[in-house]
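**Student:**
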Amino acid sequence: MTQAAAVRPVQARAYNRLHARSRRFKFKLVPALPLVGLAIIAVSSFVAGLDPYSPTAVDLAGRLRPPLVDGHLLGTDALGRDILSRILYGSRISLVVATCTVAISAVAGISLGVAAAQYGGRADAFIMRITELVLGFPLTIVAILIAAVYGPSLPGVILIIGLFQWPQFARIMRAQTLTLKNRQFVLASRALGASTWRIVHSHYMPHLVNSVYILAAALAAGAVLAEAGLSFFGAGVPPPAPSWGGMVSDGRQFVTSAWWISVFPGAAIFVLVLCLNIMGDYLRDAFDPRLRVSS
Amino acid sequence: MQGYLAKRLLQGLIVLVGASILVFVLVRATGNPALLLLPPDATPADIAALTAQLGLDKPIPEQYAIFVVGALQGDFGTSIQLHRPVVELLGERFPNSMRLGGIALLFAVSIGIPLGTIAAVNRGSALDALARGIAMLGQSIPGFWLAIVLGAIFAGQLKLLPAARADTWQSYILPVTTIVFTGFLLSGTIRFMRSGLLEVLSEDYMRTARAKGLGEVAVLTRHAFKNAAIPLVTFLGFYITLLIGGASLIVETVFAWPGVGPLLANAVLARDFPIVQAVTLIYVTGFVVISILVDILYAFLDPTIRFT
Chain A
1063 MTQAAAVRPV QARAYNRLHA RSRRFKFKLV PALPLVGLAI IAVSSFVAGL
1113 DPYSPTAVDL AGRLRPPLVD GHLLGTDALG RDILSRILYG SRISLVVATC
1163 TVAISAVAGI SLGVAAAQYG GRADAFIMRI TELVLGFPLT IVAILIAAVY
1213 GPSLPGVILI IGLFQWPQFA RIMRAQTLTL KNRQFVLASR ALGASTWRIV
1263 HSHYMPHLVN SVYILAAALA AGAVLAEAGL SFFGAGVPPP APSWGGMVSD
1313 GRQFVTSAWW ISVFPGAAIF VLVLCLNIMG DYLRDAFDPR LRVSS
Chain B
36 MQGYLAKRLL QGLIVLVGAS ILVFVLVRAT GNPALLLLPP DATPADIAAL
86 TAQLGLDKPI PEQYAIFVVG ALQGDFGTSI QLHRPVVELL GERFPNSMRL
136 GGIALLFAVS IGIPLGTIAA VNRGSALDAL ARGIAMLGQS IPGFWLAIVL
186 GAIFAGQLKL LPAARADTWQ SYILPVTTIV FTGFLLSGTI RFMRSGLLEV
236 LSEDYMRTAR AKGLGEVAVL TRHAFKNAAI PLVTFLGFYI TLLIGGASLI
286 VETVFAWPGV GPLLANAVLA RDFPIVQAVT LIYVTGFVVI SILVDILYAF
336 LDPTIRFT
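Protein chains in written order, with my numbering: chain A, 1063 to 1357; chain B, 36 to 343.
1. Under a CB-based cut-off of 8 Å, is A/Glu1194 close to chain B?
2. So is A/Lys1090 in contact with chain B if we call contact Cβ pairs under 8 Å?
3. For the alpha helix (DSSP H) containing B/Tyr39, list its first residue and its last residue.
4. For the pair the segment 126-146 of chain B and the segment 210-223 of chain B, tell me if three or more CB-CB distances fall below 8 Å.
5. Between the segment 1171-1202 of chain A and chain B, which residues of the former have CB atoms less than 8 Å from a CB of the latter, in chain order?
6. Can you look up A/Pro1128 in the DSSP assignment and give me helix, strand or coil?
7. For A/Tyr1181, count neighbouring C-beta atoms within 10 Å of its own C-beta (all shown protein chains included) and say buried if the count is 16 or more, exposed if not.
8. Candidates B/Leu233, B/Gly147, B/Val314 and B/Gln98: which alpha carbon is nearest B/Arg158's?
9. Please list, in chain order, the chain A residues whose beta carbon lies closer than 7 Å to that of B/Val62.
10. Under DSSP, the alpha helix (DSSP H) around B/Pro68 begins and ends at which residues?
11. Under a three-way DSSP split, which group does A/Ala1066 fall into?
12. Who are the neighbours of A/Arg1314 on chain B, taking C-beta pairs under 7 Å?
13. Cβ of A/Gly1291 less than 8 Å from any chain B Cβ?
14. Tell me, please, whether the CB atom of A/Gly1142 is closer than 8 Å to any CB atom in chain B?
15. May I ask you to list, following chain order, the residues of the segment 1127-1151 of chain A that have a beta carbon less than 8 Å from some beta carbon of chain B?
16. Between which residues of its own chain and B/Leu51 is the CB-CB distance below 8 Å, once the five residues before and five after are set aside?
17. Per DSSP, what are the beta-bridge partners of B/Pro120 in this structure?
18. Have a look at B/Ala155, B/Ala143 and B/Gly218 and flag the residue whose alpha-carbon is nearest the alpha-carbon of B/Trp180.
19. Is the CB of B/Ala246 under 8 Å away from at least one CB in chain A?
20. For the segment 264-276 of chain B, which residues have a beta carbon sitting closer than 8 Å to at least one beta carbon of chain A?
21. Are the segment 299-314 of chain B and the segment 1197-1213 of chain A in contact at 8 Å, needing three or more beta carbon pairs?
22. Would you please verify whether the beta carbon of B/Ser175 is less than 8 Å from any beta carbon of chain A?
23. Measure the C-alpha to C-alpha separation of B/Val329 and B/Leu271 and round it to an integer number of angstroms.
24. So, are the CB atoms of A/Gln1246 and A/Ser1273 less than 8 Å apart?
25. Strictly under 8 Å for the Cβ-Cβ distance: is A/Thr1318 near chain B by that measure?
26. Should A/Glu1289 be labelled buried (16 or more other beta-carbon atoms within 10 Å of its own) or exposed?
27. If contacts are defined as beta-carbon pairs under 8 Å, then B/Gly186 and B/Leu209 qualify, I think. What distance do you get, rounded to the angstrom?
28. Starting from B/Met171, find everything on chain A with Cβ-Cβ shorter than 8 Å and list it in chain order.
29. Report yes or no: do the segment 1246-1256 of chain A and the segment 1310-1317 of chain A share at least 3 C-beta pairs separated by less than 8 Å?
30. Where does the unbroken alpha helix (DSSP H) through A/Thr1118 begin, and where does it stop?
31. Along chain A, in chain order, which residues have C-beta atoms closer than 7 Å to that of B/Tyr333?
32. Could you please give the first and the last residue of the uninterrupted alpha helix (DSSP H) stretch that includes A/Val1335?
33. Taking the C-alpha atoms as reference points, what is the distance between A/Ala1209 and B/Leu195?
34. Per DSSP, what are the beta-bridge partners of A/His1134 in this structure?
35. Between the segment 117-127 of chain B and the segment 260-275 of chain B, are three or more C-beta pairs nearer than 8 Å?
36. Within 10 angstroms of its Cβ, does A/Ala1320 collect 16 or more other Cβ (buried), or is it exposed?
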């Protein structure tokens, strides 16, 4: 309760700023469009299954149908599976991966980043060297290796992407905590006998939430792209689950004769990532005037 | 400065050792390469013999010691699958990857820096919106998808450009286009140039430079660029390693580019340990070296930065 009360005023101020800025925005469409896009994708992932085709039903007689033929709006793939149904189902995988990886990297990154800044010294050096180690490691290679050991799986993909994203959170949280650490209100609080935990949750966190939102949107976009790339390589979500990256890969050998198999799922990845990126930019503009990208 | 460098080098060495141990253990967890080399009806004695011949029957710490001693002498072992020294294989492949990455970097910088500058100077204008739009599109398009679509259109349908191989200058067009326009290469250059410059443009010394009568071009080149370049340099430094390790791996594989990417992808599947170890080690070394170089470059770009 006390925690919520402490956080609310600053958050409320941030929201007010967000709204004040959105009123001044020349194009109100800019923040509205990605929200609408994300909403459509989220809703479609829930209504998937209401359409007449199953995403995994094989129909060899109706394979490689072009779009708009035989009731298949976006055509069928090499096994006669309806592309639209697969894209709708595939959005669940992308959204689950984006949400879970960001949750993992946020929890790990915030706690380790703040701890590194707060305790300094050896703990700081140790955590920062680990972030360097992870950032220097090529994600694709490790993901393929791990998929080769344990077999490709959805939880595996989430863990790997999360593992590679937390250092970005940690480094930014550390840098921001360092600027807060010796501010007077923190020193005053410590002088009054506040515990480290209290300083972290009621003095640091309200200042850090804005960056968390901005980073979360950017990392969600990165996670969707990473999952698609890994599934494309066969190191992501295993077939027959309809992952967008896997669908692009399925259509690769037919791309000159049946372009729709690869083109539509790729376009779906593009739209989702674009929406998340525009959201991230908008949050950045609203929350962090120093990093503003638009005017 | 020297003390700082020594400290960074030591820390980099620790990161390197950690990475090499990690990849050494991880790659061995994927299974025994002897099983992939022998026919399915091979006897356990055959398998044991080949495993011993590959030196994989020794305990992992001993294998690691052998690897480190060899690596320190520039010997990364012999490829299990291709039966050739790893150093020789990489000597053939790395120049191709470097050329592809280098040309992509050159294009990204020579398009991105002017675009970012124009965007920052004409903030809020249509040109600014265009530059931001290009950056936004670039970081949202999946690279492997663009590679396939471009290949299908220009190599498959129109037959204008070669789809694979790296023998003519035309074969560079599609991979370079994909690397530049997807991921963060061009996007990041535009964004960091623009935001870096915007931050600098409002500084007092910019007003001073204009007040003493300097032309706009001189103000930008002499006073703004060096300070604005710091975030851009950091970004490009780290992106180069990312480029070799990730983005190019995918693009090289799609375009069957004779670089390190496809070699590595095959090596992982074939459990060709020496190749995987050597390439990962080279990536991590590159990352460590570049992060130290970036730190040193800071001091040249901004003399007020002091190392502790």
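A virtual CB, placed ideally from N, CA and C, is assigned to each residue, including glycine.
All figures in this text were calculated on a predicted structure; none of them were measured in a lab.
**Tutor:** If we stick to the structure as given:
1. Counted from its first residue, the first sequence places residue 1194 of chain A at position 132. Judged by the 8 Å Cβ criterion, A/Glu1194 is in contact with chain B.
2. One-based indexing of the first sequence puts residue 1090 of chain A at position 28. With a pLDDT of 48 at A/Lys1090, under the threshold of 50, the modelled position of this residue cannot be trusted; read the value that follows with caution. Judged by the 8 Å Cβ criterion, A/Lys1090 is not in contact with chain B.
3. Counting from 1 along the second sequence, the entry for residue 39 of chain B is found at position 4. Run containing B/Tyr39: Gln37 to Ala64, per the alpha helix (DSSP H) assignment.
4. yes
5. Ala1187, Arg1191, Glu1194, Leu1195, Leu1197, Gly1198, Phe1199, Pro1200, Leu1201 and Thr1202
6. Position 66 of the first sequence, counting from 1, holds the residue named residue 1128 of chain A. Three-state result, A/Pro1128: coil.
7. For this step, residue 1181 of chain A is matched to residue 119 along the first sequence. Per the 10 Å Cβ criterion, exposed.
8. For this step, residue 158 of chain B is matched to residue 123 along the second sequence. The shortest C-alpha separation from B/Arg158 is found at B/Leu233.
9. Numbered from 1 along the second sequence, position 27 holds the residue referred to as residue 62 of chain B. Within 7 Å Cβ-Cβ: Leu1207.
10. Locating residue 68 of chain B in the second sequence gives position 33, counting from the first residue. Where B/Pro68 is concerned, the enclosing alpha helix (DSSP H) stretches over Pro68 to Leu72.
11. On the first sequence, residue 1066 of chain A is found 4 positions in, with the first residue counted as 1. Its pLDDT being 47, under 50, A/Ala1066 is placed unreliably in this model, and the value from its coordinates should be taken loosely. If DSSP states are grouped into helix, strand and coil, A/Ala1066 belongs with the helices.
12. Walking along the first sequence from the start, residue 1314 of chain A turns up at place 252. Those within 7 Å of A/Arg1314 in chain B are Ile183.
13. Along the first sequence, read from residue 1 onward, the residue named residue 1291 of chain A stands at position 229. Yes, contact with chain B.
14. The sequence position of residue 1142 of chain A within the first sequence is 80, counting from 1. Chain B contact via Cβ: absent.
15. none
16. Sequence index remark: in the second sequence, residue 51 of chain B carries index 16 (1-based). Around B/Leu51: Leu316, Val319, Thr320 and Val323.
17. Here the question's residue 120 of chain B lines up with position 85 in the second sequence. B/Thr113.
18. For the purposes of this step, residue 180 of chain B is taken as the residue at position 145 of the second sequence. B/Trp180 has its Cα closest to that of B/Gly218, out of B/Ala155, B/Ala143 and B/Gly218.
19. By 1-based counting over the second sequence, the position of residue 246 of chain B is 211. False, the Cβ-Cβ gap to chain A never drops below 8 Å.
20. Phe273 and Thr276
21. yes
22. To locate residue 175 of chain B, count along the second sequence from 1; it is residue 140. Chain A, which has a Cβ nearer than 8 Å to the Cβ of B/Ser175, makes this yes.
23. By one-based count along the second sequence, residue 329 of chain B stands at place 294. By one-based count along the second sequence, residue 271 of chain B stands at place 236. So the alpha carbons of these two residues sit roughly 9 Å apart.
24. Residue numbering aside, residue 1246 of chain A sits at position 184 when the first sequence is read from its first letter. Residue numbering aside, residue 1273 of chain A sits at position 211 when the first sequence is read from its first letter. Cβ distance not < 8 Å, so A/Gln1246 and A/Ser1273 don't count as in contact.
25. As a first step, residue 1318 of chain A must be located in the first sequence, where it is residue number 256. So, interface residue.
26. The residue given as residue 1289 of chain A occupies position 227 in the first sequence. It is buried - the Cβ of A/Glu1289 has at least 16 other Cβ atoms within 10 Å.
27. For this step, residue 186 of chain B is matched to residue 151 along the second sequence. For this step, residue 209 of chain B is matched to residue 174 along the second sequence. Correct: roughly 6 Å between the Cβ atoms.
28. What you label residue 171 of chain B is simply residue 136 of the second sequence in a count that begins at 1. By Cβ distance, chain A contributes Leu1336, Asn1339, Ile1340 and Asp1343.
29. no
30. Your numbering for residue 1118 of chain A matches position 56 in the first sequence. No alpha helix (DSSP H) holds A/Thr1118; DSSP gives it neither H nor E.
31. Reading the second sequence from its first residue, position 298 is the one you call residue 333 of chain B. The contacting residues do not exist; B/Tyr333 stays about 15 Å from chain A at best.
32. If you number the first sequence from 1, residue 1335 of chain A lands on position 273. That run of the alpha helix (DSSP H) goes Trp1322 to Phe1349.
33. As a working mapping, residue 1209 of chain A is identified with position 147 in the first sequence. As a working mapping, residue 195 of chain B is identified with position 160 in the second sequence. The alpha-carbon atoms of A/Ala1209 and B/Leu195 are separated by roughly 37 Å.
34. As a first step, residue 1134 of chain A is located in the first sequence; it is residue number 72 there, counting from the start. The partner list for A/His1134 (beta bridge, DSSP) reads A/Val1131.
35. no
36. Working through the first sequence from its first residue, we reach residue 1320 of chain A at position 258. Buried, because 16 or more other Cβ atoms sit within 10 Å of the Cβ of A/Ala1320.
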